[in-house]
Structure formats: C-alpha cells, structure tokens
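Notes follow the structure.
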Amino acid sequence: MKSNERNDAHVTELALAAGGGNRAALTEFIRETQDDVWRLLAHLGGHEIADDLTQETYLRVMGALPRFAARSSARTWLLSLARRVWVDNIRHDMARPRKSIIEYENTGATDASNAGIWSEWIDVRTLIDALPPERREALILTQVLGYTYEEAAKIADVRVGTIRSRVARARADLIAATATEKPSSKDGKSARG
C-alpha cells in the first residue's frame with residue numbers, strides 16, 4: 001500500500017469516526033485535510049476567497065459527516081464537497097470583481113528584485129484564469145494538485161474520459177494562448193509559422 005493510500009485510509013477512518021460523533025476525530029480530520037481543501041479552492045476561485053470557501057466547506061462537512069458511507073475515500077468525498085461550494089459561490093456571485101492585471105502589476109512593482117518572477121506568475125495565472133471553468137478545474141486537479149484522472153473525475157462528478165478531454169483541451173488552449181503572445185521571428189514571420 002502506497003503512502004498516499006495509507007493516508008487516505010487514515011483520513012477515511014477519521015471521517016467515519018467523526019461522523020459517529022467523535023470530536024477528536026473531527027479535529028484531526030480537519031487538520032489532515034484543510035491544506036488540500038484550501039489549495040483546491042485557491043486554484044479554482046483565487047487566494048482571496050479560499051479561506052472563506054474552505055470555512056464554508058467544513059461547515060457543510062460537519063452536517064454531512066454522519067451520512068458519509070465511505071463509498072470513496074474521505075479525501076475524494078471532501079474535495080467533491082469543496083468543489084460544490086466553489087460552484088455555489090460562482091452561482092451566487094457571478095458579478096464578483098476580479099483583480100485586473102494593472103492591480104497585480106502595481107502590487108508587484110513594490111519589489112523590483114522579483115519583477116521577472118512576478119511577471120511570469122501573473123502571465124501563468126492569467127492564462128489559467130482565462131480557461132473555461134471546467135477545463136481550469138480539470139487542469140488544476142490533475143496537473144497542479146496531482147490527483148489521478150480517476151480521482152479528479154470523482155471530485156468533479158464526471159466521467160474519466162471527460163476529465164481527460166478537458167485536460168487535453170486546457171493544454172491546447174494554453175499552448176495556443178502562449179503561441180499568440182510570442183514575438184515575431186527575425187524573418188518577419190509570426191512565431192507560429
């Protein structure tokens with residue numbers, strides 16, 4: 001059994017115990033999983049709302065733990081709940097203003113020594129944020145957070161083939177977006193040929 005599988009088994013045991021009313025198990029369950037939940041929500045919704053969405057996720061979890069039946073790992077179940085919290089947040093807050101590139105650049109300009117790194121981070125984050133939500137979600141789950149396609153499919157409540165397709169399309173979108181931003185080559189032709 002791999003380390004991840006052992007950890008998932010432990011987290012699932014904690015969830016079952018917490019669902020049975022064990023407060024110490026609930027505390028340990030939250031401690032063991034909160035970083036994963038926050039990371040997912042930060043990638044999906046942004047760092048500025050990750051704390052609030054994480055808190056909302058655990059409020060829902062506390063109500064749902066007594067019904068948790070361990071049909072999947074508790075971590076997969078939990079991240080699926082976190083994803084639903086994110087989706088609900090989008091539905092309720094469609095007009096949420098996002099920081100503009102100028103705001104990011106103004107913040108980054110205060111530390112000129114990291115300007116290049118900051119600029120690259122902004123570029124990557126901007127490209128990922130521009131992806132359609134379902135493609136961004138699939139890419140982040142599999143390529144950033146490291147979940148298998150099967151785990152990502154359970155979290156997103158879609159088929160494995162759908163996750164594979166969304167990741168492939170997200171990669172193609174990112175490649176196309178970076179290709180259009182490259183400067184012209186020396187002979188005057190575009191960088192894409």
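The numbering of the sequence shown is the UniProt record's numbering, which starts it at 1 and goes up by one.
Beta carbons: idealized from backbone N, C-alpha and C, even for Gly.
Fair warning: this is a prediction, and the values are worked out from it, not measured in the lab.
Close beta carbons around residue i, own chain, < 8 Å, minus the five adjacent residues each side
i: Leu-53; result: Leu-41, Gly-45, Ala-82, Val-85, Trp-86, Asn-89
i: Thr-33; result: Val-11, Ala-74, Arg-75, Leu-78
i: Arg-159; result: Ala-153
i: Ala-177; result: Leu-127, Ala-130
i: Gly-20; result: Pro-66
Simplified DSSP assignment, three categories, for residue i
i: Ala-70; result: coil
i: Asn-22; result: coil
i: Arg-159; result: coil
i: Thr-148; result: coil
i: Leu-16; result: helix
i: Leu-127; result: helix
i: Pro-133; result: helix
i: Leu-174; result: helix
i: Thr-180; result: helix
Rounded distance between the beta-carbons of residue j and residue i, thought under 8 Å
i: Ala-138; j: Ala-170; result: 6 Å
i: Leu-16; j: Ala-70; result: 6 Å
i: Ser-80; j: Asp-157; result: 6 Å
i: Ala-50; j: Trp-38; result: 5 Å
i: His-43; j: Val-144; result: 6 Å
Close beta carbons around residue i, own chain, < 7 Å, minus the five adjacent residues each side
i: Asp-173; result: Leu-131, Arg-135
i: Asn-7; result: none
i: Tyr-58; result: Ile-30
Selection from the options that minimises the alpha carbon distance to residue i
i: Pro-66; options: Val-37, Ala-18, Ala-153; result: Ala-18
i: Ser-165; options: Glu-150, Ala-177, Ala-179; result: Glu-150
i: Met-62; options: Asn-7, Phe-29, Thr-162; result: Phe-29
i: Gln-68; options: Asp-36, Ala-176, Leu-14, Val-144; result: Per the sequence shown, residue 68 should be read as Phe rather than Gln. It is Leu-14.
i: Pro-133; options: Ile-175, Leu-59, Ile-163; result: Ile-163
i: Ile-175; options: Thr-148, Gly-146, Tyr-147, Val-124; result: Val-124
Cut-off 6 Å between Cβ atoms - residues of its own chain near residue i, not counting five sequence neighbours on either side
i: Val-167; result: Ala-138, Leu-139, Thr-142
i: Asp-35; result: none
i: Tyr-147; result: Leu-141
i: Glu-56; result: Val-85
Write down every uninterrupted run of the alpha helix (DSSP H) in the UniProt domain "RNA polymerase sigma-70 region 2" (30-92) whose length is 4 residues or greater and which is fully enclosed by it, in chain order. Segments of the alpha helix (DSSP H) lying fully in the UniProt domain "RNA polymerase sigma-70 region 2" (30-92): 47-64, 74-92.
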